[in-house]
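Let me begin by presenting the structure, written as structure tokens, before commenting on it.
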Amino acid sequence: MRHFRLLLFLLPVLAYPAASKYVVLEFEGTIGPVSDRYIANGIDKAEELDADFILLKLDTPGGLDESMRRIVKKIMASDIPVVGYVYPVGGRAASAGVFIMLSAHVAAMAPGTNMGAAHPVAMGGQQPDSIMMGKIENDAVAFIRSLAEERGRDPDWAERAVRESISAAANQALELGLIDYIASSLEELLEKLDGHKVKMPEGEVVLQTADAEEIEIGLRWYERLLRVLANPNLIYILLMIGIYGVIAWVQNPGSIIPGVVGIIALIFAFYGLQVLPINYAGLALIAVALILFILEVKITSYGMLTIGGIVSLVLGTLLMFQSTPSFYGISWPVIITIMGLVVALFVLIIWLAVRTHVRKPTTGQRGMVGLVGEARSDLDPEGSVYIRGEYWTAVAASGKIKKGTKVKVVDMDGMTLKVEREDS
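Numbering (my numbering) for the sequence shown: 49 to 472.
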């Protein structure tokens, strides 16, 4: 009887399963190595936490094909259902973002969002020929159709998104069966997801979202730093700081700060160049510009090397990030500002060099004649004078000059000065 009462006491507890929990991953911006790493780590963390599902909030114009494919593979291999959610209002899942949305187990969009325009584009300023472009396009079509078919989406629309760059607003996407829900907020989405059945490799899973615990995994500090650095405008600015820091260091080997700042800036710039598509011909032209600028400091070319360096720098700038997507370009205000500073800097250098060549000499006989000093002993006719911070042997040009008298150099014979009274 005692055991029976104990069993009755435990029944209410057993009737209520533990509350479910879900992990929120949120990414906004271009898809690249940073987002790839963040989403992959987030899925791994969700599996460690034994989360019931993952909510991936996405707002992206697209990005790198290689990074997108790694994200898609990670989602497809996930043991936990992934819910793709284009959010907030006005957001989009364009280009590479379409592949990610179609790979998600459940798809949702906020009102006023869209997805599509997934035609592959050439990166690095090099346009493939028609045969190669056809291969790239067909590969993308096969990939996106396989994703759509696996998730029960419309493969024909997916193919058109690649071949014709069509897009669909939230309502249209719902009508076409591209997504499962439209939700204006996370709360509304969770309500609609409650009881949703998801097909997983090990069987069907029913999402329980009522009173589910939210676990948000954000970008770690170094991921945020790397995300900021993977920006063409910032990379270009860091590259210029690095170049001119090195130039200043070469010109004045004792100046430590410009060299240290320049090297650090170049390290950060080269990191960004590793994760973004660039045209290496443009980078080579910028390197040539650096060499020409250093030579201008060492060799007086009266501006010819500077002009060549500026032309090389401009061409390298335009080529380095030349690519079809606008989000990989350098903004014109940044280019104009940098070019203006470069021109101003080297005009100043040339002016200083010319002034150095035309000004009066400050050493030797011609440099000493006319200088004024003071007799530090009686000159009768020989003695010592103090001129420009130094003691010199001097002879009086005429008569005797007493100690303390202001004298002026009128001639120089070897290391002996010929002086006269300043007032004579």
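Idealized CB from N, CA, C, for every residue including glycine. Predicted, not measured: the structure shown is a model, and the values here were computed from it.
Closest by C-alpha distance to G418, when choosing among E212, G388, K456: Locating residue 418 in the sequence shown gives position 370, counting from the first residue. Here the closest residue by C-alpha is K456.
Beta-bridge partners of T441, as assigned by DSSP: The residue you call residue 441 lines up with position 393 of the sequence shown. Bridge partners of T441 according to DSSP: S432, T464.
Span of the beta strand (DSSP E) around K183: Locating residue 183 in the sequence shown gives position 135, where the first residue counts as 1. Per DSSP, K183 belongs to no beta strand (DSSP E); it is in the alpha helix (DSSP H), 178-199.
Contact check, G160 vs V137, beta carbons under 8 Å: On the sequence shown, position 112 is the one that residue 160 refers to. On the sequence shown, position 89 is the one that residue 137 refers to. Taking 8 Å as the Cβ cut-off, G160 and V137 qualify as a contacting pair.
Counted within 10 angstroms of its Cβ, other Cβ atoms place G80 as buried (16 or more) or exposed: The sequence position of residue 80 within the sequence shown is 32, counting from 1. The residue in question, G80, is buried, as its Cβ has 16 or more Cβ neighbours within 10 Å.
Any beta strand (DSSP E) of 3 or more consecutive residues that is wholly inside the region 124-161: Fully enclosed beta strand (DSSP E) runs of 3 or longer: 130-134, 140-142, 154-157.
Exposure label - L353; buried when at least 16 CB within 10 Å: In the sequence shown, the residue the question calls residue 353 occupies position 305. It is buried - the Cβ of L353 has at least 16 other Cβ atoms within 10 Å.
Buried or exposed (CB count within 10 angstroms, at least 16 for buried), Y3: Residue 3 is absent from the model: the chain starts at 49 and stops at 472.
Touch test, the region 68-83 against the region 247-265, Cβ-Cβ under 8 Å, three pairs minimum: Touching, per the Cβ criterion.
Proximity winner among L195, D204, Y292, V154, relative to L338 (alpha-carbon distances): Against the sequence shown, residue 338 aligns to sequence position 290. Out of L195, D204, Y292, V154, Y292 has the C-alpha closest to the C-alpha of L338.
Test item: CB-CB of I378 and M288 under 8 Å: Sequence index remark: in the sequence shown, residue 378 carries index 330 (1-based). Sequence index remark: in the sequence shown, residue 288 carries index 240 (1-based). No; because the gap between Cβ atoms is not below 8 Å, this pair is not in contact.
Residue of F147, I342, E239 minimising C-alpha distance to A196: As a working note, residue 196 is residue 148 in the sequence shown. When only C-alpha atoms are compared, the closest one is F147.
Identified DSSP bridge partners for G421: Residue mapping note: residue 421 aligns to position 373 of the sequence shown, counting from 1. V455.
Cβ shell of A142 (< 8 Å), same chain only, five flanking positions each side left out: Here the question's residue 142 lines up with position 94 in the sequence shown. Excluding its 5 nearest sequence neighbours in each direction, A142 has C-beta neighbours in its own chain below 8 Å: T108, P109, G110, N162, M163, G164, A165, A166, S215, listed in chain order.
Whole alpha helix (DSSP H) elements within the region 216-243, 4-residue minimum: 218-223, 234-241
Collapsed DSSP secondary structure at G330 in the structure displayed: Along the sequence shown, read from residue 1 onward, the residue named residue 330 stands at position 282. DSSP places G330 in helix when its eight states are reduced to three.
Beta-carbon spacing of V254, G243 below 8 Å: Position 206 of the sequence shown, counting from 1, holds the residue named residue 254. Position 195 of the sequence shown, counting from 1, holds the residue named residue 243. Closer than 8 Å, so yes.
Coarse secondary structure for G164, derived from DSSP in three states: Working through the sequence shown from its first residue, we reach residue 164 at position 116. Correct three-state label for G164: strand.
Cβ neighbour criterion (16 or more within 10 Å) applied to P381: Position 333 of the sequence shown, counted from the first residue, corresponds to residue 381. P381 sits exposed, since fewer than 16 C-beta atoms from the chains shown fall within 10 Å of its C-beta.
Neighbourhood of R201 by C-beta distance below 7 Å, restricted to the same chain and skipping five residues each side: Counting from 1 along the sequence shown, the entry for residue 201 is found at position 153. Taken in chain order, the residues that qualify are L150, G225, L226.
Any 3 or more C-beta pairs closer than 8 Å across the region 419-427 and the region 449-469: yes
Nearest neighbour of V467, chosen from F318, N219, M416 [CA to CA]: As a working mapping, residue 467 is identified with position 419 in the sequence shown. Ranked by Cα distance from V467, the first of F318, N219, M416 is M416.
Cut-off 6 Å between Cβ atoms - residues of its own chain near M116, not counting five sequence neighbours on either side: Sequence index remark: in the sequence shown, residue 116 carries index 68 (1-based). Answer for M116: I79, A144, F147, listed in chain order.
P60 versus Q256 - alpha carbon distance: Numbered from its first residue, the sequence shown carries residue 60 at position 12. Numbered from its first residue, the sequence shown carries residue 256 at position 208. Its pLDDT being 47, under 50, P60 is placed unreliably in this model, and the value from its coordinates should be taken loosely. Those two C-alpha atoms are separated by around 19 Å.
Closest residue to F101 among V246, E76, F316 (Cα-Cα distance): For the purposes of this step, residue 101 is taken as residue 53 along the sequence shown, with counting starting at 1. Taking only the C-alpha atoms, the option nearest F101 is V246.
K245 in three-state terms, based on DSSP: Numbered from its first residue, the sequence shown carries residue 245 at position 197. Reduced to three states, the DSSP call for K245 is strand.
Exposure label - T365; buried when at least 16 CB within 10 Å: Locating residue 365 in the sequence shown gives position 317, counting from the first residue. Buried.
From E470, A99, W440, R193, residue whose alpha carbon lies closest to that of I449: By 1-based counting over the sequence shown, the position of residue 449 is 401. Of E470, A99, W440, R193, the residue nearest in Cα terms is E470.
Buried versus exposed, by CB contacts within 10 Å (16 or more), S472: On the sequence shown, position 424 is the one that residue 472 refers to. So S472 ends up on the exposed side.
Three-state secondary structure (DSSP) of R469: The count along the sequence shown starts at 1 and reaches residue 469 at position 421. Looking at R469 - three-state DSSP - the assignment turns out to be strand.
Among D113, Y135, K240, E250, the one whose alpha carbon lies nearest that of I192: Numbered from its first residue, the sequence shown carries residue 192 at position 144. Ranking the options by Cα distance to I192, first place goes to D113.
Exposed unless 16 or more other CB atoms sit within 10 angstroms - verdict on D84: Counting from 1 along the sequence shown, the entry for residue 84 is found at position 36. Counting Cβ neighbours within 10 Å, D84 comes out buried, since at least 16 surround it.
Residue environment, M463, which counts as buried when at least 16 other CB atoms sit within 10 Å: For the purposes of this step, residue 463 is identified with residue 415 of the sequence shown, where counting begins at 1. So M463 ends up on the exposed side.
Length of the line joining the Cα atoms of S432 and W297: Locating residue 432 in the sequence shown gives position 384, where the first residue counts as 1. Locating residue 297 in the sequence shown gives position 249, where the first residue counts as 1. Looking at the backbone, the Cα of S432 and that of W297 are separated by about 42 Å.
Check whether I283 and A317 have beta carbons under 8 Å apart: Here residue 283 refers to the residue found at position 235 of the sequence shown. Here residue 317 refers to the residue found at position 269 of the sequence shown. Yes. Within cutoff.
For Y70: DSSP bridge partner residues: Within the sequence shown, residue 70 is the residue found at index 22, counting from 1. In the DSSP output, where bridge partners are listed per residue, Y70 has F101, E262.
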